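Number of protein chains: 4
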Amino acid sequence: MNILVLSGSNAGSKTRIATTLLKEKLQRQYSGENIDYINLQDVSLPFSDGRNYMDYGGDATEVLTKIMEADVLFIGSPIFQASMPAPLKNVFDLLPQNALEDKTVSMLITAGSDKHFLIPEYNYKPVLSYLKANIVPRYVFILDTNFQDGQLLGDDVDMRLDRLIDDTMVLSRTYQDIRAEKDAQFGF
Amino acid sequence: MNILVLSGSNAGSKTRIATTLLKEKLQRQYSGENIDYINLQDVSLPFSDGRNYMDYGGDATEVLTKIMEADVLFIGSPIFQASMPAPLKNVFDLLPQNALEDKTVSMLITAGSDKHFLIPEYNYKPVLSYLKANIVPRYVFILDTNFQDGQLLGDDVDMRLDRLIDDTMVLSRTYQDIRAEKDAQFGF
Amino acid sequence: MNILVLSGSNAGSKTRIATTLLKEKLQRQYSGENIDYINLQDVSLPFSDGRNYMDYGGDATEVLTKIMEADVLFIGSPIFQASMPAPLKNVFDLLPQNALEDKTVSMLITAGSDKHFLIPEYNYKPVLSYLKANIVPRYVFILDTNFQDGQLLGDDVDMRLDRLIDDTMVLSRTYQDIRAEKDAQFGF
Amino acid sequence: MNILVLSGSNAGSKTRIATTLLKEKLQRQYSGENIDYINLQDVSLPFSDGRNYMDYGGDATEVLTKIMEADVLFIGSPIFQASMPAPLKNVFDLLPQNALEDKTVSMLITAGSDKHFLIPEYNYKPVLSYLKANIVPRYVFILDTNFQDGQLLGDDVDMRLDRLIDDTMVLSRTYQDIRAEKDAQFGF
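Chains as they are written, first to last, in full-length UniProt numbering: chain A, 1 to 188; chain B, 1 to 188; chain C, 1 to 188; chain D, 1 to 188.
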């Protein structure tokens, strides 16, 4: 199974710290799976111009291919101007229609205020839904005050990340069972 | 009064065609005002890294300064993946908090299907609202089928653009009157 | 000018307390205007069955007529199940299409948690927008912890209510100026 | 397994016709399951006053108990004023917090225009999500023009209802497997 952790910010350190911790947990708990990590700070992606994702070459084709080949996608993201940051939106723009069909997708959001708690619900989920992702309903929402000296503090955050992993992996396996069963029906 | 028409797409031609027509109408109807036009296809903007907009230099500082100096902002935009395209989101990310305070902002959206009619309501307005814009409630929504051979067809579209201009300019002037009156109260 | 304060809850006391305070402020600050107050706890409204609002008789026709005759509408509401309560939604269902056209509408929301801060933005505004209201962008959001012994505590809340009134009355006057000017154009 | 079809409108006939057809399909395809049907036109529910759902008595307790005991819930609903009708919202208000946890919930929406296509996404899903439902992502959206002489027309609608049933039942069964497995882990 291909598990991809995508750190969807090209500024700051909080999303990188949180997604790195998440990736390390996955590596410990799911060592048999193929776990990959992409930080948008490490790649250079052009804005979408409508081309097929295979035709951009360079980082774009590499990043988009990894997303297309993932079975499970953990998206880490800060909130900019009360919505998803442009670099993350751009990744979605670069993907083809229905790109996230049959993929299980969960969210790990960092934000400055509880007042932004519903932004993943209203700004992220409808886009993921349009891309046909199997969305993990409960997301992890971490306040900036949980970060200190480059670290994520709090047992609570730790437990919530474990639960996100658990929810995501169980849902992913579920959907895989469904697909296997459907394929069997049709004699594949 | 500074009026800015922003064509918020860096791909395709429909938003450019529609915003160009809008700009020409403004130039005829409001020839005494300072009317500017920015097409995101003509400029190169980096992703926001949290700096002040004056510190990017180049196209970024030029574009952002024009937005900051505008009294009225017409935003043209296609819909990508059921939401605003990354290049337009990036312009918002590059702007400071409350950047659109005291500005009147209206939207001209091109889309492939009526099923996307509510995306300006749910995906654009909350971001503009967060930026403190005075949003013109009724937006113009133009289907792709209205474009043919590089032109916008239909008397209906023409009338709706005229109405958008009218709604926007009236709202803007009234907000200016309010501000003038408030300033007078405080003796400025 | 007809100003109507609508307490949109039929349970609990917080919305009643907050809207009563708002009404008293309005009576002091705008004593020359016609200020009315409706508490949904005091009336009995049937669910909408599609009839014209004048045909229900009783409380329904009385309440709906007051709303239709209002120039300014202050809506007080708690949040139930992360959205507007059914009794308030029912008032909107009972109203005709475009019922709030040319009315200035503002919101005073009580809630148990800051995590619900964006519900007025995403759940209330699109409905008010569909009804064609001129929506006051900034709403007052009061946490349950601000209520104690049947009273609203805190200078901050007091200031925010004053600001809501100010924003609303100024916007209302603005729209009235616009209408008067448009009517003059057409020689009415 | 308890399957409940809820016709969430107390006016008109379209939602009743569509949900009746859905119920008949379920009865043919899942004759071994316990299939129930509630039409809000046939019951009288008070507005929620915050009591426990068992304490209302009468129709309320009966309807709410059936919902609480359902494993699968099909919600049929028209759109009123660009959002869910008050009678349906009231059912949600009457339910306790987390009422839909471990239930699979799908939607069958009737509407007058494609322009309302995203209302289930933005107005219904966030409420169902708050109630902790396992939401079937793809909903059936039927235009009023598909109804004629008290019947639902079109092979397309027929196929989409079959697909809704299939998606819902598969998702429900898989969630049940997950729960069974988790319970086994903990030795229940």
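A virtual CB, placed ideally from N, CA and C, is assigned to each residue, including glycine. Bear in mind the structure is a predicted one, so any value in this text is a computation, not a measurement.
Any C-beta of chain B sitting closer than 8 Å to the C-beta of residue i?
i              : result
P126 (chain C) : yes
L118 (chain D) : yes
F92 (chain A)  : yes
L131 (chain A) : yes
T110 (chain C) : no
N52 (chain A)  : no
V170 (chain C) : yes
D49 (chain A)  : yes
So, are the CB atoms of residue i and residue j less than 8 Å apart?
i              : j              : result
N10 (chain A)  : P87 (chain A)  : yes
L164 (chain A) : V140 (chain A) : yes
I17 (chain A)  : G154 (chain A) : no
S129 (chain B) : P137 (chain C) : yes
K14 (chain B)  : F117 (chain B) : no
G50 (chain C)  : G112 (chain D) : no
Applying the criterion that 16 or more other CB atoms from any shown protein chain within 10 Å of the CB defines a buried residue, is residue i buried or exposed?
i              : result
G76 (chain B)  : buried
G58 (chain C)  : exposed
E69 (chain A)  : exposed
Q81 (chain D)  : buried
T174 (chain C) : buried
A184 (chain A) : exposed
M159 (chain C) : exposed
Mind reading off the beta-carbon distance from residue i to residue j? Whole number of angstroms is fine, and I expect it under 8 Å.
i              : j              : result
L131 (chain D) : T19 (chain D)  : Wrong, their Cβ atoms sit about 20 Å apart, outside the cutoff.
Y114 (chain C) : L143 (chain C) : Just to set this straight, residue 114 (chain C) is Asp in the shown sequence, not Tyr. Correct: roughly 7 Å between the Cβ atoms.
L73 (chain C)  : V43 (chain C)  : In fact, because the Cβ distance is near 16 Å, the residues do not count as touching under 8 Å.
E33 (chain C)  : M1 (chain C)   : 5 Å
Y124 (chain B) : M84 (chain B)  : 6 Å
L21 (chain D)  : L171 (chain D) : With 8 Å as the limit, L21 (chain D) and L171 (chain D) do not qualify as a contact, their Cβ atoms being about 21 Å apart.
K66 (chain B)  : K89 (chain A)  : Not really, about 23 Å apart at Cβ, beyond 8 Å.
Among the options, which has the Cα closest to the Cα of residue i?
i                     : options                           : result
E62 (chain D)         : D:N34, D:R160 and D:L94           : D:L94
A180 (chain B)        : B:Q151, B:N98 and B:D102          : B:D102
Q27 (chain C)         : C:I3, C:L100, C:Q151 and C:R160   : C:I3
D36 (chain A)         : A:D166, A:L6, A:T110 and A:S48    : A:L6
residue 220 (chain C) : C:P120, C:H116 and C:V91          : Nothing in the structure corresponds to residue 220 (chain C), since chain C is present only between 1 and 188.
Q97 (chain B)         : B:L64, B:I119 and B:P120          : B:L64
Q176 (chain C)        : C:D71, C:D156 and C:P78           : C:D71
P120 (chain D)        : D:M169, D:P78 and D:M54           : D:P78
residue 201 (chain C) : C:Y53, C:T110 and C:A60           : Residue 201 (chain C) falls outside the range modelled here, since chain C spans only 1 to 188, and no answer is possible.
T145 (chain D)        : D:D162, D:I178 and D:T110         : D:T110
Q41 (chain B)         : A:S48, A:D162 and A:Y56           : A:S48
I38 (chain C)         : C:K182, C:Y56, C:D162 and C:G8    : C:G8
Q29 (chain D)         : D:D162, D:F186, D:I178 and D:K182 : D:D162
Would residue i count as contacting chain C if we go by Cβ distances under 8 Å?
i              : result
P87 (chain B)  : no
I3 (chain B)   : no
G141 (chain D) : Correcting the residue type first, residue 141 (chain D) is Phe in the shown sequence and not Gly. Chain C contact via Cβ: absent.
T104 (chain B) : no
Is there at least one Cβ from chain A nearer than 8 Å to residue i's Cβ?
i              : result
E121 (chain D) : yes
S31 (chain D)  : no
V136 (chain D) : no
A11 (chain B)  : yes
For chain D, find out if any of its Cβ atoms is closer than 8 Å to the Cβ of residue i; answer yes or no.
i              : result
N39 (chain C)  : no
D114 (chain B) : yes
F74 (chain C)  : no
A82 (chain C)  : yes
Counting only Cβ-Cβ distances shorter than 9 Å, please list the residues of the segment 172-183 of chain C near chain F, keeping chain order.
No chain F appears in the structure shown, which is made up of the protein chains A, B, C and D.
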